[in-house]
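Mapping of the sequence shown onto the UniProt record's numbering: position 370 corresponds to residue 370, and the numbering continues sequentially without gaps. To keep things clear, I will list the structure first and then write my remarks on it.
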Amino acid sequence: MPDAPLPRVLLLAGRLEVRARSAYTLRLARGLPGEGYEPLIVCADASRLSSSVRDAMDVRVYKELDRPAWGLVVRAGLLRDLREEPPDVVHVQSPEMLGCGTYLAKRLGVPVVVTFPAAPYGIDRFTRTDPIVRRAIAISKSVAADLLGVSRFPADRLRIIHSGVDVDEQPTHVLPPGRVPVVGSAGPLEAPKGLPYFLGAAARVKRRFPECRFLLSGAGPEEENLRRVARELGLENAVTFAPNLLDFSAGLAATDIFCLPSLSQGLGATMLEAMARGRPVVASGVGGVDSVIEDGVTGLIVPPARGAAMAERICELLADPELARRIGAAGREVVLERFGVAQMVAETAALYGEALAEWSDLAGKAVPAA
């Protein structure tokens, strides 16, 4: 007798790019079969993914799916395709795709789970009266508080599940003797990431440590502006931009100290990746950062938009490599204990089970308003 098919999860994303949000989707897809679910990724663009990643999982691209006008046409075609092998759960990967997700789920008769990777945008529109959204995931306590503060989403349907990151078995040495130190940041080059403050800090650090080099990994709309700022600060020969990476691993491996200068932040998954590599972190104390970092123990926290303060903490680590290594090792332990991919996947799979069981109970009944 053949085995029953695994319940199917549609992971509905916008554009899979080089950013933590996309890494979250891909890690879920890799881990879900081990938890008894068959994942299908549907997105609007996957051109930044390597062919090996795309070949290793079921990724289907529907161009313009995330666009307000064309998306209405594209989602109708997607619905036709999904009816042939319908999912059991629609897991919307970010609130921008929630309208598309509820459209599909209502017509397929399946529940929705949605992840909020940052402060929620547009949640009230969809969750106030939409009972098809059975569960929501916030990636940190601060995101959960924001979500409950701006919507009527029932608190008992909300779970905090931290983004998980892969952990290197053997992290490389931090600030090895005789090597030029590298201070870096990574992520989408967007205004909320606060990267001009990182460059301002870099200029100050270079005055004290002229041999230091700086690395910015990532692409985005602020790239030209950041290059201009670097030139104005006299950093042309000290800062390297790496916009064409397929992931951040190479940039993080080249970095001795990682900086997160964000002005707002859900959790900081790229920061967690750096910590997993044993890199000491200097981060703005925004969003969920203080739920990860204990200042002076597992990382260093600075006020947001304060390049001088960030420079001071970077110099503190450069001047004391042993302190940098100690903080890096302590940060790695935090990630090992609380932010592994396996834990994230297991908790998410359990949430699917809750949503499916509840949806099954509601079948044939009048579904209560959210």
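From the three backbone atoms N, C-alpha and C, an ideal C-beta is built for every residue, glycine too.
Three-state class that DSSP yields for residue i in the structure shown
{"i": "Ile161", "result": "coil"}
{"i": "Ala370", "result": "Here Ala370 scores only 40 on pLDDT, less than 50, and its place in the model should not be relied on; the value that follows carries that caveat. It is coil, neither helix nor strand."}
{"i": "Asp45", "result": "strand"}
{"i": "Ala155", "result": "helix"}
{"i": "Thr172", "result": "coil"}
{"i": "Val341", "result": "helix"}
{"i": "Pro39", "result": "strand"}
{"i": "Ala23", "result": "helix"}
{"i": "Ala136", "result": "strand"}
{"i": "Val143", "result": "helix"}
{"i": "Leu351", "result": "helix"}
{"i": "Leu28", "result": "helix"}
{"i": "Val167", "result": "coil"}
{"i": "residue 427", "result": "Here the chain comprises residues numbered 1 to 370, so residue 427 is not present and cannot be evaluated."}
{"i": "Arg15", "result": "strand"}
Contact test: residue i Cβ vs the ligand FAD heavy atom, cutoff 7 Å
{"i": "Ser163", "result": "Of ligands this structure carries none, so the ligand FAD is not represented either."}
Residue i to residue j span [Cα, whole Å]
{"i": "Arg135", "j": "Phe116", "result": "11 Å"}
{"i": "Asp66", "j": "Phe258", "result": "32 Å"}
{"i": "Gly14", "j": "Ala349", "result": "21 Å"}
{"i": "Tyr197", "j": "Arg83", "result": "49 Å"}
{"i": "Gly234", "j": "Val205", "result": "12 Å"}
{"i": "Arg332", "j": "Thr270", "result": "13 Å"}
{"i": "Ala20", "j": "Leu147", "result": "20 Å"}
{"i": "Ile132", "j": "Leu175", "result": "51 Å"}
{"i": "Glu85", "j": "Ala276", "result": "38 Å"}
{"i": "Arg325", "j": "Leu362", "result": "54 Å"}
{"i": "Ala56", "j": "Arg213", "result": "36 Å"}
{"i": "Thr102", "j": "Glu96", "result": "12 Å"}
{"i": "Ala330", "j": "Pro68", "result": "45 Å"}
{"i": "Met310", "j": "Val282", "result": "7 Å"}
{"i": "Leu189", "j": "Asp320", "result": "30 Å"}
{"i": "Ala44", "j": "Ala346", "result": "27 Å"}
{"i": "Cys315", "j": "Arg208", "result": "8 Å"}
{"i": "Leu267", "j": "Leu336", "result": "16 Å"}
{"i": "Ala46", "j": "Gly220", "result": "16 Å"}
{"i": "Gly200", "j": "Arg279", "result": "21 Å"}
{"i": "Ile137", "j": "Leu272", "result": "18 Å"}
{"i": "Ile293", "j": "Pro303", "result": "14 Å"}
8 Å contact criterion, which residue i and residue j should meet: CB distance rounded
{"i": "Leu195", "j": "Glu222", "result": "7 Å"}
{"i": "Ser262", "j": "Pro192", "result": "6 Å"}
{"i": "Ala186", "j": "Phe248", "result": "4 Å"}
{"i": "Ser291", "j": "Lys106", "result": "Not really, about 35 Å apart at Cβ, beyond 8 Å."}
{"i": "Val165", "j": "Val341", "result": "7 Å"}
{"i": "Leu104", "j": "Arg75", "result": "7 Å"}
{"i": "Ala118", "j": "Val150", "result": "13 Å between Cβ atoms; not a contact."}
{"i": "Leu49", "j": "Leu16", "result": "6 Å"}
{"i": "Tyr62", "j": "Leu72", "result": "Tyr62 to Leu72, Cβ: 12 Å. No contact."}
{"i": "Ala29", "j": "Leu11", "result": "6 Å"}
{"i": "Arg338", "j": "His173", "result": "Actually they do not touch by this definition, with Cβ atoms about 24 Å apart."}
{"i": "Leu356", "j": "Pro5", "result": "At roughly 14 Å, the Cβ-Cβ gap does not stay under 8 Å, so Leu356 and Pro5 are not in contact."}
C-beta neighbour in chain D for residue i, strict 8 Å
{"i": "Asn237", "result": "Among the protein chains of the structure shown there is no chain D, as only one such chain exists."}
Quiz item: Pairing CB atoms from the region 182–195 with CB atoms from the region 254–271, are three or more of them under 8 Å?
Solution: Judged by Cβ distances under 8 Å, the region 182–195 makes contact with the region 254–271, as three or more pairs qualify.
Quiz item: Can at least three beta-carbon pairs, one atom from the region 236–250 and one from the region 150–161, be found at a separation below 8 Å?
Solution: No, the region 236–250 is not in contact with the region 150–161.
Quiz item: Hey, is the region 275–290 in contact with the region 35–44, meaning 3+ C-beta pairs nearer than 8 Å?
Solution: Contact fails: fewer than three Cβ-Cβ distances are below 8 Å.
Quiz item: Unbroken alpha helix (DSSP H) runs of length 4 or more, entirely within the UniProt domain "Glycosyl transferase family 1" (174–333): which are they?
Solution: Counting only runs of 4 or more residues that sit fully inside the UniProt domain "Glycosyl transferase family 1" (174–333), the alpha helix (DSSP H) segments are 195–208, 223–232, 249–253, 269–276, 307–319, in chain order.
Quiz item: Any chance the region 349–363 sits against the region 289–298, with 3 or more Cβ pairs inside 8 Å?
Solution: Not touching, per the Cβ criterion.
Practice problem: For the region 63–111, list the alpha helix (DSSP H) runs that are entirely contained and at least 4 residues long, ordered along the chain. | Solution: Every alpha helix (DSSP H) stretch that sits fully inside the region 63–111 and reaches 4 residues is listed by chain position as 70–84, 98–108.
Exercise. Decide yes or no for the touch test of the region 87–97 against the region 107–116: beta carbon pairs closer than 8 Å, at least 3 of them.
Key: Per the Cβ contact rule, the region 87–97 is in contact with the region 107–116 (3 or more Cβ pairs under 8 Å).
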